Every structure is written in C-alpha cells, then in structure tokens.
Amino acid sequence: MEIKTYHAMTSMAANVPEAGIHVAQGIDLFEELPDDKPWYISMVNDAAELSVKSLPENVAYGVQYSTLLIDVPKYLDYLSNRFKSLGGVIVKKRISHILDATQYADIGSGQNVMVVVNCTGLGSHTLGGVCDQAMYPSRGQTLLVNAPDAKRTITQIGKQFSYVIPRGNGTVIIGGTADKNQWECEPNSLITDIIISRALNLEPALLPVEARVLDQDAKVQVLKKHVISVNVGLRPMRDGGVRLESESMSTAANSKVVVVHCYGHGGFGYQSSLAYADKHVVRHDE
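Now the structure itself:
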C-alpha cells in the first residue's frame, strides 16, 4: 500500500504543485543492525546504505532514499477542492451511529443512500454500529518549528523514537512519542524539551548557522524560540491491522446500506492513503 502511494505521490509532486507534495532526501537510522535490509529499499528511488563512519553515535545502520514531504494543510485543501469540483458536498455533523450519516446526504428525493464509507479512525472504537474494541490510541507529541534550513527527513528507530520532517514550506515537524493506550491530549513540557534535544542531535540545520556552535542547552533554548506550536494527537492503532471490509446494514426505514470500513492505519495514514482509496473503489465496484 505504501509503495503504491509513494509512486502516485511522486508523480503528484512533479505534476500537481497545488497538492503541496515535494521530493526530498530521507534518512532512516537504526539503533540495532537489522537482520535484513529494510523492505522498502528495493522499491524507492535513489536508495543507498550509509557508510558506518557517517553514522551518528548509538546508530548501527542507516539508509537514505528519495522520500516525500507533504504540506498537510495545503494537501487537505487540495483534496477538499478536488472533491467539491467533482460535485462533492462536505457536511460537518456529530453522529452516534454509522447509519446516521445517511440522514445528511442530499441525493435527491425518492433515492436512498446505498454506500457509507467509514473512515472514522479512532472514532470507530465507540461509534454505534461499529464499536471496534480492537482500536486503541497511540499518543504522539510533536512540535512545529520554523527551520527553513532543514531540508531532509531523518528518523531514528529503536529505543529512541525521533524524527525531523520538513513540510516543504520552511516549517518542520519534530517528534516524537508513541505512547500506547494513552488518551491524554495535553502537551507535556518535559517531553517537549526531550523532543527538541533529540531532534537537534539528528539535524543541526534546525538552527541558524551561528547557533550551531553553542552547547546543547543553549541550542535547545534557541530552538524553543522558533516553536510555532506543540501538538498532541492520537494515532488510530488497531490490533490486527487495518480493517478494510464491507458489510450490509439496514436503516430504520429498512433500506439496505453497504458500509465499507477503512480505518486503523495508525501513523501511516497519509503514506498509504491513495492505495487504500483505490482498493476501496475496486471493492465497491465488485
């Protein structure tokens, strides 16, 4: 799913500038030497292993490749505008049951809603008609910082989960945490300091050139001044992986509705989204 989306988004980066997608260098750093090369290395563009002498401290293996940066607000605007241009209408309502969605579809008098697509993510844990107890949150805390010199994504994988992800517009997301079954949505200031310190170890270019020679504590204080926002989100994790299946339900008026479930993507929603959308279309056509 991720590779299919990768190639589709690579094409969008070249041909659809309004989508807010850009190609950049990506680096993955592994604290322990993996038994095999990462599964994606043979499938992405410009892949190469990093030399041992170029690796940071406490890193055993590293790879670089061409990855994609998504300016998420811009990308969502692009998707919304494209949806509307094709005749779609966006309605915001709070629902307690999946079939409540049928009440808000304006499809003309005398017609019934035939298909509802459930992409409610973590909401599927409590949403009536779904109530999927396999869903659980993974709390993630990140910071959005102004750092126009940072141009590459860097992820450290192991006991330390850290990443630097430029958006392509001069701002950068740094993180992070992955706290299983944690529902708390308030930022933790101690975690903020840890995130900043770890991110600086990964990418010195988060700072202006003149600040890169400072000691670590001073560097942290400098980057703090460039923090735009501290964010907490709950990744929609699911035991057993993504749920992609259809079922038939009956409304109160006894009309049949096909509900297509597509949720539980965890932290990989954007990077697998286009392939899952295609798979849903094929499933519906069948």
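For any residue, its number in this note's numbering is found by taking its place in the sequence shown, counting from 1, and adding 1300.
Backbone N, C-alpha and C fix where the C-beta goes; we use that ideal spot for every residue, glycine too.
Note that the structure is a prediction, hence the values are computed from the model and not measured.
Contacting residues, own chain, Cβ-Cβ under 7 Å from residue i (five flanking each side not counted)
i: Glu-1547; result: Val-1559
i: Ile-1395; result: Ala-1401
i: Lys-1393; result: Tyr-1404
i: Glu-1318; result: Tyr-1378
i: Thr-1492; result: Leu-1443, Val-1530
i: Cys-1419; result: Cys-1562, Tyr-1563
i: Val-1581; result: none
i: Ala-1450; result: Val-1464, Pro-1466, Val-1472, Glu-1503, Ala-1505, Leu-1506
i: Asn-1481; result: Tyr-1436, Pro-1437
Residue(s) in a DSSP beta bridge with residue i
i: Leu-1368; result: Val-1323
i: Arg-1439; result: Asp-1479, Leu-1534
i: Thr-1471; result: Asn-1446
i: Ser-1489; result: Ser-1489 is not bridged to any residue.
i: Ser-1462; result: Gln-1456
i: Gly-1428; result: His-1397
i: Ile-1418; result: Checking the displayed sequence, the identity of residue 1418 turns out to be Asn instead of Ile. Note: Asn-1418 sits in a beta bridge opposite His-1561.
i: Val-1328; result: Correcting the residue type first, residue 1328 is Asp in the shown sequence and not Val. BP columns for Asp-1328 point to Val-1363, Thr-1455.
Exposure of residue i, with buried meaning 16 or more beta-carbon neighbours within 10 Å
i: Arg-1538; result: buried
i: Met-1414; result: exposed
i: Gly-1424; result: In the sequence as presented, Gly is not what sits at residue 1424; that position holds Ser. Under this definition Ser-1424 is a buried residue.
i: Ala-1553; result: exposed
i: Gln-1441; result: buried
i: Pro-1536; result: buried
i: Val-1472; result: buried
i: Gly-1476; result: buried
i: Gly-1540; result: exposed
i: Val-1388; result: Contrary to the premise, residue 1388 reads as Gly rather than Val in this sequence. Exposed is the call here.
i: Asp-1432; result: buried
i: Leu-1422; result: buried
i: Val-1430; result: buried
i: Val-1445; result: buried
i: Val-1509; result: exposed
i: Val-1352; result: exposed
Beta-carbon spacing of residue i, residue j below 8 Å
i: Leu-1427; j: Ile-1398; result: yes
i: Val-1417; j: Thr-1402; result: no
i: Glu-1302; j: Ser-1489; result: no
i: Ile-1457; j: Asp-1328; result: yes
i: Ser-1462; j: Leu-1502; result: yes
i: Gly-1362; j: Phe-1330; result: yes
i: Ala-1313; j: Glu-1332; result: no
i: Ala-1324; j: Arg-1452; result: yes
i: Gly-1470; j: Pro-1504; result: no
i: Leu-1506; j: Ala-1499; result: yes
i: Pro-1487; j: Val-1532; result: yes
i: Lys-1524; j: Ile-1496; result: yes
i: Thr-1310; j: Leu-1368; result: yes
i: Leu-1514; j: Val-1527; result: no
i: Ala-1518; j: Thr-1305; result: no
i: Asn-1412; j: Ser-1555; result: yes
Same chain, Cβ closer than 6 Å to residue i, neighbours up to 5 away in sequence not counted
i: Gly-1320; result: Asp-1371, Lys-1374, Tyr-1375
i: Tyr-1365; result: Gly-1326, Val-1344, Asp-1346, Ala-1347
i: Val-1391; result: Tyr-1404
i: Ala-1308; result: Leu-1574
i: Cys-1485; result: Val-1532
Close Cβ partners of residue i (< 8 Å) along its chain, the five nearest in sequence each way excluded
i: Trp-1483; result: Pro-1437, Arg-1439, Leu-1534
i: Ser-1354; result: Gly-1362
i: Val-1316; result: Tyr-1378
Report the residue ranges of all alpha helix (DSSP H) runs contained in full by the stretch 1334-1395; include only those spanning at least 4 residues, in chain order.
Look at the stretch 1334-1395 and you find these whole runs of alpha helix (DSSP H), each 4 residues long or longer: 1372-1385.
If we require 4 or more residues per run, which alpha helix (DSSP H) segments fall completely within the stretch 1494-1575?
1516-1524
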